[in-house]
Amino acid sequence: MTYGIDISEEEIRWVRLPKGENPAACGRILIEDNDRSPRRIRQVLKEFFSRKRVSRFVFPLWGQGVRARVFASDKVDISELEDNVAWEAKFMLEYNRHRDVLSFDPLRSVGSQTWIVAVAAPLEMIQRKSGLFPKNPAHIEAALTALANAVLRSKWGEKDIIILHLDRSRGFLVVVSHGNPILMQEIPLVNLKETRLSEEALSLWHDELKVRRNFLPQDKRRLDHFLLSGEAALVPENARVLGECIDLAGEVFDPFDGVQIECKAGEGVLFPLAYACALRGE
Amino acid sequence: MIQIDLAVRRRPEKLTSLQFLLLFLGILLGTSLIVGIGLVLQWNSLNNLADEIGELGVKRDSLETLEAEISRYKDLKDSHSELMLAMEDARKDTERRLDILRLLRTELEPGMKFLSCRIGPDSVITRCLSPSNVKVARYLEELSRSGLLRVIESEPQGTRQGLIEHRVLLKIP
Numbered sequence: 000m001t002y003g004i005d006i007s008e009e010e011i012r013w014v015r016l017p018k019g020e021n022p023a024a025c026g027r028i029l030i031e032d033n034d035r036s037p038r039r040i041r042q043v044l045k046e047f048f049s050r051k052r053v054s055r056f057v058f059p060l061w062g063q064g065v066r067a068r069v070f071a072s073d074k075v076d077i078s079e080l081e082d083n084v085a086w087e088a089k090f091m092l093e094y095n096r097h098r099d100v101l102s103f104d105p106l107r108s109v110g111s112q113t114w115i116v117a118v119a120a121p122l123e124m125i126q127r128k129s130g131l132f133p134k135n136p137a138h139i140e141a142a143l144t145a146l147a148n149a150v151l152r153s154k155w156g157e158k159d160i161i162i163l164h165l166d167r168s169r170g171f172l173v174v175v176s177h178g179n180p181i182l183m184q185e186i187p188l189v190n191l192k193e194t195r196l197s198e199e200a201l202s203l204w205h206d207e208l209k210v211r212r213n214f215l216p217q218d219k220r221r222l223d224h225f226l227l228s229g230e231a232a233l234v235p236e237n238a239r240v241l242g243e244c245i246d247l248a249g250e251v252f253d254p255f256d257g258v259q260i261e262c263k264a265g266e267g268v269l270f271p272l273a274y275a276c277a278l279r280g281e
Numbered sequence: 000m001i002q003i004d005l006a007v008r009r010r011p012e013k014l015t016s017l018q019f020l021l022l023f024l025g026i027l028l029g030t031s032l033i034v035g036i037g038l039v040l041q042w043n044s045l046n047n048l049a050d051e052i053g054e055l056g057v058k059r060d061s062l063e064t065l066e067a068e069i070s071r072y073k074d075l076k077d078s079h080s081e082l083m084l085a086m087e088d089a090r091k092d093t094e095r096r097l098d099i100l101r102l103l104r105t106e107l108e109p110g111m112k113f114l115s116c117r118i119g120p121d122s123v124i125t126r127c128l129s130p131s132n133v134k135v136a137r138y139l140e141e142l143s144r145s146g147l148l149r150v151i152e153s154e155p156q157g158t159r160q161g162l163i164e165h166r167v168l169l170k171i172p
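Note that the protein sequences, when read in sequence, are chains A and B.
Quick note on numbering: the first sequence equals residues 0 to 281 in numbering that gives the first Met the number 0.
Quick note on numbering: the second sequence equals residues 0 to 172 in numbering that gives the first Met the number 0.
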């Protein structure tokens, strides 16, 4: 059984996929306000691993320094493709082989072009985050690609959608078009004071989404839906209002839609990252 | 599904009890094996040393025998040298006595007769007969001139066969 374990600033979210007689399950472990030190998180995780007998897990990596990019390449030969990746990594992701770890994955081919996703992250950050866990992870996923995977595995996978995962102190934006992610960006300095977005917050996010949408190529700006997940999606009204800001129908994104899993009603929106990580480990 | 993997493998932080036990047993076994091999090698080297000591003992006995032989040889050599010196001294003494005896006979004046002589380490006593005391005087003068003898005294002892018998005392210088 693979666990997907997502550590946010305030809590640890985990998802376990079914295997044999063990049903799928998910859960949240709150981290007290007065002690969110790495030592405390390490202790909580150790207790969790011991209690659940976790042997295999995947976790999403996020934070300053984790960069993702999707690009198209017209190269067919693998060495030429790697040259393209190296160029994009160097100039677009500012990849430094002495400092960062780079991972890339060719996605689907459209016409003569192959879409590729590449992610770079600082080695120091990877080691620091891995050090919170008592065991080695089976994989380390980037939170952005995890969110993209969660969408692609859902009923929204083949549509043109923009999804915003918004927690109290972190935000991820992913645009998916015809089964391919075309934009993946982490939004820095997020500070969501209330679960229900105020007028002021809505105005800020309206501008943020418009700016981010402009990163899309001209021919990809026509989207079908706006999806919202994370703590902001605990209030469904937020999704509708934010969707209207960019002239799209807004809905909350529940990754467990159509999946049999023990989860409190309405809380599925919190788990797209953990769920995608659990899927990644299978 | 996008398959991005940023995992970097790290070493396990702690040894499990089983790993620790296996490591301990491995170290114990390895140490015992090394010590055992060391003891066997040491035993072999000790045996070799004992053999060498035995051989050295035999050589030492042989050398002691040789040393005794050499000592005896040196004693013999010294004795031989002493004998050779004694022989040389005796030969010189005999030659000296013969020279003195020859001198005593050859220097006699006509008419004189040599009776006897006794040669000591540093003196000679001789007896002779002479028709006159003048001839004895000339005889003593010739002996002194030879340098081998020095006349101390000459004393007439009476007459024998119509000649005067003289007893002469000479000093070997």
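Note that the Cβ used here is the ideal one computed from N, Cα and C, for glycine as well.
Is it the case that the Cβ atoms of residue i and residue j are separated by a distance below 8 Å?
i, j, result
"A147 (chain A)", "V173 (chain A)", "yes"
"R107 (chain A)", "N179 (chain A)", "yes"
"D99 (chain A)", "L122 (chain A)", "yes"
"P59 (chain A)", "L272 (chain A)", "yes"
"E10 (chain A)", "L29 (chain A)", "yes"
"T194 (chain A)", "L233 (chain A)", "yes"
"E141 (chain B)", "E94 (chain B)", "no"
"D218 (chain A)", "K158 (chain A)", "no"
"Q137 (chain A)", "V57 (chain A)", "Per the sequence shown, the amino acid found at residue 137 (chain A) is Ala instead of Gln. Against a cut-off of 8 Å, the Cβ pair of V57 (chain A) and A137 (chain A) comes out as a contact."
"G64 (chain A)", "A120 (chain A)", "yes"
"M0 (chain B)", "R68 (chain A)", "no"
"R12 (chain A)", "F252 (chain A)", "no"
"L148 (chain B)", "K112 (chain B)", "no"
"K115 (chain A)", "I125 (chain A)", "According to the sequence as given, residue 115 (chain A) is Ile; it is not Lys. No, Cβ-Cβ distance for I115 (chain A) and I125 (chain A) is not below 8 Å."
"L285 (chain A)", "L44 (chain A)", "Outside the displayed span of chain A (0 to 281) sits residue 285 (chain A), for which this structure offers no information."
"Y274 (chain A)", "G26 (chain A)", "no"
"A23 (chain A)", "Q259 (chain A)", "yes"
Look up residue i in the DSSP assignment and say whether it is helix, strand or coil.
i, result
"S80 (chain B)", "helix"
"L80 (chain A)", "helix"
"G170 (chain A)", "strand"
"K134 (chain B)", "helix"
"Q160 (chain B)", "coil"
"G110 (chain A)", "coil"
"A264 (chain A)", "coil"
"S54 (chain A)", "coil"
"A23 (chain A)", "coil"
"D88 (chain B)", "helix"
"I1 (chain B)", "coil"
"F19 (chain B)", "helix"
"F103 (chain A)", "strand"
"I171 (chain B)", "coil"
"R166 (chain B)", "strand"
"A119 (chain A)", "strand"
Find the residues of chain A that neighbour residue i, judging by a C-beta separation of less than 9 Å, and give them in chain order.
i, result
"V7 (chain B)", "V100, L122, I125, Q126, S129 and I139"
Anything in chain B within Cβ reach of residue i, meaning under 9 Å, just list it in chain order.
i, result
"L106 (chain A)", "I1"
"R152 (chain A)", "M0"
"N95 (chain A)", "What N95 (chain A) touches in chain B: nothing, since even the nearest Cβ is about 15 Å away."
"L60 (chain A)", "L5"
Which residues bound the beta strand (DSSP E) around residue i?
i, result
"G280 (chain A)", "Element bounds for G280 (chain A): not the beta strand (DSSP E) but the alpha helix (DSSP H), P271 to G280."
"Q184 (chain A)", "N179 to I186"
"V69 (chain A)", "R66 to S72"
"E10 (chain A)", "E10 to R15"
"R126 (chain B)", "S122 to S129"
"L165 (chain A)", "I160 to L165"
"G3 (chain A)", "T1 to I6"
"G156 (chain A)", "No beta strand (DSSP E) holds G156 (chain A); DSSP gives it neither H nor E."
"R117 (chain B)", "K112 to I118"
Closer than 7 Å by beta-carbon distance: list the chain B residues that pair up with residue i, in chain order.
i, result
"V53 (chain A)", "Simply none; closest approach about 15 Å."
"P254 (chain A)", "Neighbours of P254 (chain A) on chain B: none; closest Cβ ~13 Å, over 7 Å."
"A88 (chain A)", "What A88 (chain A) touches in chain B: nothing, since even the nearest Cβ is about 13 Å away."
For the ligand MN, I want to know if residue i counts as a neighbour, meaning its beta carbon is within less than 7 Å of at least one of the ligand's heavy atoms.
i, result
"Y72 (chain B)", "Questions concerning the ligand MN fall outside what the structure shown contains, since it holds no ligand whatsoever."
Which chain B residues are close to residue i, counting only those with a beta carbon under 8 Å from its beta carbon?
i, result
"L278 (chain A)", "M0"
"V116 (chain A)", "I1 and I3"
"P37 (chain A)", "Per Cβ cutoff of 8 Å: no residues; P37 (chain A) is ~14 Å from chain B at best."
"T144 (chain A)", "I1 and I3"
"A147 (chain A)", "I1"
Hey, could you find the ends of the alpha helix (DSSP H) residue i is sitting in?
i, result
"R38 (chain A)", "P37 to K51"
"I125 (chain A)", "L122 to S129"
"W204 (chain A)", "E198 to R212"
"A142 (chain A)", "A142 to L151"
"G229 (chain A)", "Neither: G229 (chain A) is in no alpha helix (DSSP H) and is coded neither H nor E."
Meets three-Cβ-pair contact criterion under 8 Å: the segment 175-190 of chain A and the segment 234-241 of chain A
As far as the Cβ criterion goes, the segment 175-190 of chain A does not touch the segment 234-241 of chain A, which means the pair count is below three.
The segment 163-170 of chain A contacting the segment 219-236 of chain A, beta-carbon criterion three pairs below 8 Å:
Yes, they touch.
Using 8 Å as the Cβ pair cut-off and three pairs as the minimum, do the segment 241-255 of chain A and the segment 199-217 of chain A touch?
With the cut-off at 8 Å, the segment 241-255 of chain A and the segment 199-217 of chain A touch.
If we count Cβ pairs, one from each stretch, closer than 8 Å, do we get three or more for the segment 147-165 of chain B versus the segment 113-130 of chain B?
Contact holds: three or more Cβ-Cβ distances are below 8 Å.
Counting beta carbon pairs with one atom in the segment 70-85 of chain A and one in the segment 44-62 of chain A, are three or more of them shorter than 8 Å?
Result no; under three Cβ-Cβ pairs closer than 8 Å.
Are there three or more Cβ pairs, one per stretch, closer than 8 Å when the segment 131-141 of chain B is compared with the segment 150-158 of chain B?
Because the criterion of three Cβ pairs below 8 Å is met, the segment 131-141 of chain B and the segment 150-158 of chain B touch.
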